[in-house]
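Protein chains in written order, with my numbering: chain A, 207 to 522; chain B, 156 to 720.
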Amino acid sequence: MEKYSRRDFLARSAAGAMALTSPALIGKSLLAAENAKTKSAKMAIAKWAGPKKLDVSQISKAAVKLTEQAIQGIGGLKQFVTKGAVVWIKPNIGWDRTPELAANTNPDVVATLIRLCFDAGAKTVRVGDNPCQIAAKTYVSSGIAPAAEKLGAEIVYLDTSRFKEIDIKGELIKKIPVFPGIMEADLVINVPIIKHHMMSTATMCMKNYMGVINNRPTIHQNFAVCLTDLTRFMAPQISVLDAVRIMTGHGPVGGSLDDVELKLTLAAGTDVIALDSWGAGVLGKTIEELPFITKGASEGLGTTDYKSISKEIAVS
Amino acid sequence: MSKKKPKITAAGIRRVVQILFLIAFFALLLLTRFEPTSGSTSVGGETVITPALQAPAPILKLFFIFDPLITVVTALTAHEVPRIALFSIVTIVVTMLLGRVFCGWICPMGTIQAIAGRLLRGRKKRRNIGTWSRWQLAKYYILVGLLIPALFGLHFICMFDPLVLLTRSSTTALLPAIQIASKDTSTILYHTDPGIGPLRIDKVVEPTYQFANKYIFGLEGVDHNWVYPGGGLILLIFAAIVALNAFRPRFWCRYICPLGALLGLFSWRPFLKRKVNTETCTHCDLCGMSCHGAAAVGPGEAWKPMECLGCMDCTESCKQESLTFEFSLPKRKDPAIKSVNLSRRGIITAGVSGLTAMAAMRISPQSRGESYNPALIRPPGARPEREFLKRCTSCGLCIKACPTGGLQPTLTEAGLEGLWTPMLVPSIGYCDYMCNLCGQVCPTGAITELTLEEKHATRIGLAAFDVRRCLPYAYGRNCMVCEEHCPIPDKAIYCLDVDVKDRNGQVKTIKRPFVDPTKCTGCGLCENVCPYNDRAAIRVASANESRHPDNQPILGGDSMGYPYG
Chain A
207 MEKYSRRDFL ARSAAGAMAL TSPALIGKSL LAAENAKTKS AKMAIAKWAG PKKLDVSQIS
267 KAAVKLTEQA IQGIGGLKQF VTKGAVVWIK PNIGWDRTPE LAANTNPDVV ATLIRLCFDA
327 GAKTVRVGDN PCQIAAKTYV SSGIAPAAEK LGAEIVYLDT SRFKEIDIKG ELIKKIPVFP
387 GIMEADLVIN VPIIKHHMMS TATMCMKNYM GVINNRPTIH QNFAVCLTDL TRFMAPQISV
447 LDAVRIMTGH GPVGGSLDDV ELKLTLAAGT DVIALDSWGA GVLGKTIEEL PFITKGASEG
507 LGTTDYKSIS KEIAVS
Chain B
156 MSKKKPKITA AGIRRVVQIL FLIAFFALLL LTRFEPTSGS TSVGGETVIT PALQAPAPIL
216 KLFFIFDPLI TVVTALTAHE VPRIALFSIV TIVVTMLLGR VFCGWICPMG TIQAIAGRLL
276 RGRKKRRNIG TWSRWQLAKY YILVGLLIPA LFGLHFICMF DPLVLLTRSS TTALLPAIQI
336 ASKDTSTILY HTDPGIGPLR IDKVVEPTYQ FANKYIFGLE GVDHNWVYPG GGLILLIFAA
396 IVALNAFRPR FWCRYICPLG ALLGLFSWRP FLKRKVNTET CTHCDLCGMS CHGAAAVGPG
456 EAWKPMECLG CMDCTESCKQ ESLTFEFSLP KRKDPAIKSV NLSRRGIITA GVSGLTAMAA
516 MRISPQSRGE SYNPALIRPP GARPEREFLK RCTSCGLCIK ACPTGGLQPT LTEAGLEGLW
576 TPMLVPSIGY CDYMCNLCGQ VCPTGAITEL TLEEKHATRI GLAAFDVRRC LPYAYGRNCM
636 VCEEHCPIPD KAIYCLDVDV KDRNGQVKTI KRPFVDPTKC TGCGLCENVC PYNDRAAIRV
696 ASANESRHPD NQPILGGDSM GYPYG
């Protein structure tokens, strides 16, 4: 074995660390930029047109149908999932609450996406988020971990010691710890739920990217800029915005059924700004009330005029 | 060593049994943690997932259930015997029949002492480990000296119970040391592994770490380290106890252990007795030299059953095979048996010293219930302080079970009497809204078992803003992390719009948080998540705790009238 000097060793370690992180990141953002240029943004809104009075199992079935139809509406998952790809599904698993309280993404929506990913040829589907409460509990009470495990997806807990500090080159956020597992995935499917949020007024697609990073509390001091920074860095490819149930008050934690409204609708698309603009309406807000949307749009991350790129699908 | 075929001896069986009990002890201790997947319960009419223990609580407490010292002391201090503690009568009956076999065969602390003695003293020094010393009476005087104050409610003696001591030391020092070492080494390798050519160390280390994290430490998806700032002193004391084996083997068991002393009293005249065949005995004293408890003083001397640990090493050591243990009815006067001679003077001195120590421990306004320590936030379900101290052994099982790691051993917060008892330190971990494990694992009921509905109606403290630090107060900036995290369904923290001026005099509207004292339970989640990581801008103090009506500045009724549940 040849001898290494300490200088060599340090240089090689640094190079190794760089090699581990940078190609994945640079490659991904280039790809996304290309996507944005060549393919025009697509969006499909699935609305439930069947009977309005549903019990829990019927809501569950409706959620599955809505997801399938919305994904079909944007042309299926095959265009995003290459054969043998590693897909990371990033739901909102923020709080230790059961599905009917609408504090986390609907587990049926997540489960359907996992199934569709495997159908489209994905080799591995990983599901993970960075919850605000004990992850092991939150994953279970959200119903997402049991549903995902049944379909053969990998449940990943984001170990804080495994985050790697990356310069995301934002306006306000510079270096921040990012979970490498998510960045190394071939495709990240962002699957948030529409919720009231005390500070940012609403939490939807852009806000959901906060689960990818660590050291979050200071972001609350300027949501508009920070969320735009994050979204630009994440270079969204596909998002599914869940509004099967939405949380209308006391968000983002909720905890009372009085704050939950059954909306039975859901949108899938490639443009997070358009999706969030649609979601604002679902929550009964105007786009002007949500500065992060206007900020994101002004930075060229998408269009607030979601109607121009979307189609509505009635599902029953 | 001889090259004879290994024979199955009683001592050999004992060693296997000892190791099995030692493994069982640590397995149960490691399993005293929450299992997120099981358990759902109905709270306020809706189903919620609740953390449950990895194994039923009585099994996790198994060693404590059979510990007669805890039963006897709790009966004296609190005037009650939990029904489950009656199992310790089994231990007493077994001791009366067979002697201190608990010490020699079962006690995990005893096993650690035996192993440490053997390792520290090596093969050469092993000769003559059986020298009797009058200092061995010390443990009886410690027992007596702390049992008399127990009549007045002092539970301090359980501090010296070997099971309590080992559980506490393991929970707050030994296991955390292993956990943090494994995490830190693997983290360093994860981030910097340079690899040797194509070989990467973290290909091996990472799966090992993940496995240990999941199955041994049970921290997968929990993601905190076992951090116990008070563990350093506990570790030092434990290390000293282990190190003393270099001076005398089984130092703890021979000189200090009050549980050993209690069992010694019960084995005054056991049914199982050592018998020497005087015709074949050559008075070589090999048996005395190998004696763990220094129970046989010298060649031909009588045997002290109160000091005998029943380890059977003497029968193994005897080359003439003239030593046996046989059953016979106990006789009042037995020439083959020698009692340890406790002096009346010694007993009185011990009792008086114990009472004096108790008085000294209680000279403080806090222990007289005249003032309350704001930092002393007891887990939910903890009895009022005086009743709590009458029962808490400071074993640390609740600390081990706490899923957030927020329960910490006290140092001075609860006075000397409450040394190493549990308190919530919200900056380290909060009290999880859906968790009631501490009450389930408490072996003496110092923390009562609460249903989740009862727990939600129990206040352990009250949160208050430090308005000189809190961002919306001090710097006119928006921040709502505490409000967002508050787990109370209709929020004990709420925000109101207020107009503030910036340095240019421009008016802007921000949200300012407030605490509703009638809703706050003092769980400490807000303090835990506050963006300030040095000293949070919202902090919980023990004020308003349900267990002390005197410590409630807020008019709002006791816990019974509390609007939750």
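Positions of the beta carbon are idealized from the N, C-alpha and C atoms, including for glycine.
These figures come from a predicted structure and were not determined experimentally.
- Residue range 263-276 is occupied by the alpha helix (DSSP H) that includes B/Gln268.
- Pairing B/Phe218 with B/Pro263 gives a Cβ-Cβ distance under 9 Å.
- For B/Ser325, the number of other beta carbons within 10 angstroms of its own is at least 16, and it is reported as buried.
- Around the C-beta of A/Ile400, 16 or more other C-beta atoms lie within 10 Å, and the residue is accordingly described as buried.
- For A/Leu364, same chain residues with a beta-carbon under 7 Å away, outside a window of 5 residues either side, are Gly334, Asn336, Phe385 in chain order.
- By DSSP's assignment, B/Leu579 forms a beta bridge with B/Leu562.
- Annotation: B/Glu375 to A/Ala342 spans about 7 Å, alpha carbon to alpha carbon.
- Taking CB atoms only, B/Leu626 has a neighbour in chain A less than 9 Å away.
- By the neighbour-count criterion, in which 16 or more other beta carbons inside 10 Å mark a residue as buried, A/Ala520 falls on the exposed side.
- For the set B/Leu651, B/Val670, B/Asn706, B/Arg169, the Cα lying nearest the Cα of B/Thr664 is the one of B/Leu651.
- If you ignore the 5 residues before and after A/Leu463, its C-beta comes within less than 8 Å of the C-beta of Glu306, Leu307, all in its own chain and listed in chain order.
- By the rule that beta-carbons nearer than 9 Å mark a contact, B/Cys650 touches chain A.
- Taking a cut-off of 8 Å for Cβ pairs, the segment 302-310 of chain B and the segment 506-525 of chain B touch, as three or more such pairs fall below it.
- At the C-beta level, B/Glu682 and B/Ile693 come within 9 Å of one another.
- Ranked by Cα distance from B/Val299, the first of B/Thr327, B/Ser508, B/Asn659, B/Gly584 is B/Ser508.
- About 6 Å separates the beta carbons of B/Val636 and B/Pro686, which is inside the 8 Å limit, making them a contact pair.
- Taking the beta carbon of A/Val418 as reference, no residue of chain B falls within 9 Å; the closest one sits roughly 15 Å away.
- The alpha-carbon of B/Gly524 is positioned some 10 Å away from that of B/Pro539.
- Judged by DSSP in its simplified three-state form, A/Met416 adopts helix.
- Within the segment 357-371 of chain B, not one residue has a Cβ closer than 7 Å to any Cβ of chain A.
- Contact between A/Gly376 and A/Asp314 does not hold, since the beta-carbon distance rounds to 34 Å and is not under 8 Å.
- In the same chain as B/Pro425, and ignoring 5 residues on each side of it, the C-beta atoms closer than 8 Å to its own belong to Thr250, Met251, Leu252, Leu253, Gly254, Pro460, Pro485, in chain order.
- For B/Met251, there is no enclosing beta strand (DSSP E); the enclosing alpha helix (DSSP H) has its first and last residue at 243-253.
- Not one beta carbon of chain A lies nearer than 9 Å to the beta carbon of B/Tyr410.
- When DSSP states are grouped into helix, strand and coil, B/Tyr649 belongs to the strand group.
- For A/Ile350 against A/Asn310, the beta-carbon gap comes to about 7 Å, under 8 Å, which counts as contact.
- Between the C-alpha atoms of B/Ala619 and A/Thr344 there is a straight-line separation of about 27 Å.
- In the DSSP assignment, the residues bridged to A/Ser516 are A/Met249.
- If you draw a straight line from the Cα of B/Glu639 to the Cα of B/Pro353, it comes to about 47 Å.
- Three or more beta-carbon pairs separated by less than 8 Å link the segment 470-486 of chain B to the segment 431-448 of chain B, which places the two stretches in contact.
- With the criterion set as a beta carbon lying under 9 Å from some beta carbon of chain A, the members of the segment 614-644 of chain B are Leu626, Arg632, Asn633, Cys634, Met635, Val636, Glu638, Glu639, His640, Cys641, Pro642, Ile643, Pro644, in sequence order.
- Using a CB distance below 7 Å, the part of the segment 340-351 of chain A facing chain B consists of Ile340, Ala341, Ala342, Lys343, Tyr345, Val346, Ser347, ordered along the chain.
- B/Leu574 carries a coil assignment under DSSP once its states are collapsed to helix, strand and coil.
- At a cut-off of 9 Å, the C-beta of B/His346 has a neighbouring C-beta in chain A.
- Contact check for A/Ile493 and A/Ser483: beta-carbon distance about 5 Å, within the 8 Å limit, so the pair qualifies.
- Sequence-distant Cβ neighbours of B/Gly536 in its own chain, meaning closer than 6 Å and more than five residues away, are Gly594, Ile602, Thr603, Leu605.
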